[in-house]
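Okay, structure first, notes after.
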Ligand SMILES: Cc1cc2nc3c(=O)[nH]c(=O)nc-3n(C[C@H](O)[C@H](O)[C@H](O)COP(=O)(O)OP(=O)(O)OC[C@H]3O[C@@H](n4cnc5c(N)ncnc54)[C@H](O)[C@@H]3O)c2cc1C
Ligand code: SF4
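Residue numbers (my numbering), protein chains in the order written: chain V, 33 to 97; chain U, 20 to 415.
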């Protein structure tokens, strides 16, 4: 799996960090998303997909399954 | 289950459709939407779209390929006009009857309007077309009156100022947003408007949109070139009249978000019982639309293992150069305490009490971790005494 984030779209809601903390983090100063791992291991795929659905800015995209 | 119909092709409806597929559902999904566009996002309409930072091509919720991948029977530009509960069919404006064995109702809300006819100068802000029409008119020096200083009106006022528009913001209550966020945070917002040159007038009731502006209840005319009416919304349940479903303040649902057997409501249109707070609520927040869409998809697929929908509500709003974020149920609070930072600096974290519990948290300019910690206090319904301290009624 490969995942992408559209940083200018992110609204800093932190939904992704609550669901997949090993893949996403937020900047201290403004809460904008930081992608920790763009090729997460298989056991995290479901959480990453869930994050992509939940993200209120549609800023997360799974580009390769 | 072989045929799911989702009415409303926006955040909640799309989340339901996506979740059905992710959970392995292989039957048909008919997604019905009366707007002509692929599902798109609304929060940017009053922000980046109105402010001209983005063009319309930035708002679709999914890339065309990802949408295609869901294998939907997509009926756009087509309104649902009726529901036959006993016969399990949805009637469409084009005369079609779509049968279902599972139904998701996600038709959202529409703006409330004022009496009077402002023609092309009277605006609301809900759809992409609304946003594009308004922004066309927002040129430097133009006079805009915004009726209603809720989050939507306030965001639009801020963005219009940034475009060099003369903005008057009219609000019936003494302090904008006070019932929602409390007096002190409301006053902080009012000051931000003053600082940015918005003419905020509180305690002012608008009667109608009139020739050349808006007419107040006392008969005064406030002159304007353009008028934005942002006075709240009405749930889109008209098409369900007479169906047998309970319609009150939206589509009435139980704690599973079910409105009838096999029929679920999600997003802005749905009022459901949230067991976490022990009360019914209807929430017009972007994250709730998605979370409820996901929850109802799962309940639809697993009738024997349904889960109550018990979220901690979340919203954000951008105002000038700061972003407000909040978790929980702030409305109806009895006390607000600033536990970090200072309101005057527009960097603070405020905690809200209802009864003896932490009900919500609202922050501006705070690190995400601080907010998440307090969200946890809301999620666990922490006792105020343990989390904050003594109980002091608001105003004391
Ligand atoms: C300008 C703006 C800014 C916002 N900013 C924020 C923000 O900063 N933060 C936040 O948390 N929330 C914000 N929101 C709220 C958020 O956008 C909504 O909560 C969210 O869009 C709700 O999604 P929904 O799918 O429930 O309903 P909607 O997005 O309203 O979608 C319902 C869809 O159903 C369609 N429909 C209605 N009736 C029928 C019918 N009979 N047949 C077929 N289709 C029908 C509608 O046309 C619409 O396309 C904002 C909203 C607006 C308008
Ligand atoms: S869920 Fe989306 S909007 Fe929220 S922090 Fe993550 S990427 Fe940003």
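By construction, the Cβ of each residue, glycine as well, lies at the ideal position given by its N, Cα and C atoms.
Strictly under 8 Å for the Cβ-Cβ distance: is residue i near chain U by that measure?
i	result
residue 80 of chain V	no
residue 93 of chain V	yes
residue 60 of chain V	yes
residue 88 of chain V	yes
residue 55 of chain V	no
residue 85 of chain V	yes
residue 35 of chain V	no
residue 43 of chain V	yes
Quick one: is the Cβ of residue i within less than 7 Å of any heavy atom of ligand 1?
i	result
residue 341 of chain U	no
residue 208 of chain U	no
residue 334 of chain U	yes
residue 142 of chain U	no
residue 250 of chain U	no
residue 306 of chain U	yes
residue 287 of chain U	yes
residue 99 of chain U	yes
Buried or exposed: which applies to residue i, given that a residue is buried once 16 or more other Cβ atoms fall within 10 Å of its Cβ?
i	result
residue 71 of chain V	exposed
residue 72 of chain U	exposed
residue 37 of chain V	buried
residue 232 of chain U	buried
residue 388 of chain U	exposed
residue 237 of chain U	exposed
residue 213 of chain U	exposed
residue 348 of chain U	buried
Residue i: beta carbon under 7 Å from a heavy atom of ligand 2?
i	result
residue 124 of chain U	no
residue 47 of chain V	yes
residue 83 of chain V	yes
residue 58 of chain V	yes
residue 331 of chain U	no
residue 312 of chain U	no
If we define contact as Cβ-Cβ less than 8 Å, is residue i a contact residue for chain V?
i	result
residue 364 of chain U	no
residue 309 of chain U	yes
residue 415 of chain U	Unreliable placement is indicated for residue 415 of chain U, whose pLDDT of 49 sits below 50; the coordinate value is still reported in the next sentence. No - not a single Cβ of chain V is within 8 Å of the one on residue 415 of chain U.
residue 387 of chain U	yes
For residue i, which residues in the same chain have their Cβ closer than 6 Å to its Cβ, ignoring the five residues on either side in sequence?
i	result
residue 69 of chain V	55
residue 130 of chain U	143, 145, 252
residue 79 of chain V	51, 52
residue 218 of chain U	187
residue 94 of chain U	51
Take residue i and list the residues in its own chain whose beta-carbon comes closer than 7 Å to its own, dropping the five residues that flank it on each side.
i	result
residue 215 of chain U	177, 180, 339
residue 74 of chain V	none
residue 398 of chain U	331
residue 59 of chain U	78, 79, 80, 147
residue 402 of chain U	375, 376
residue 175 of chain U	65, 69, 144, 165, 247, 249
residue 49 of chain V	56, 57, 58
residue 310 of chain U	330
residue 22 of chain U	46, 47, 118, 119, 120
Would you mind giving the Cβ-Cβ distance between residue i and residue j, rounded to the nearest angstrom? I have them listed as a contact below 8 Å.
i	j	result
residue 58 of chain V	residue 51 of chain V	Actually they do not touch by this definition, with Cβ atoms about 13 Å apart.
residue 52 of chain U	residue 28 of chain U	3 Å
residue 124 of chain U	residue 357 of chain U	Actually they do not touch by this definition, with Cβ atoms about 40 Å apart.
residue 257 of chain U	residue 161 of chain U	The pair is not a contact, with the Cβ atoms about 34 Å apart (cut-off 8 Å).
For residue i, collect the residues of the same chain with a Cβ closer than 8 Å to its Cβ; drop the 5 residues on either side in sequence, then sort them by chain order.
i	result
residue 81 of chain V	94
residue 47 of chain V	83, 86, 87, 88
residue 19 of chain U	No statement about residue 19 of chain U is possible, as the shown extent of chain U runs from 20 to 415 and does not include it.
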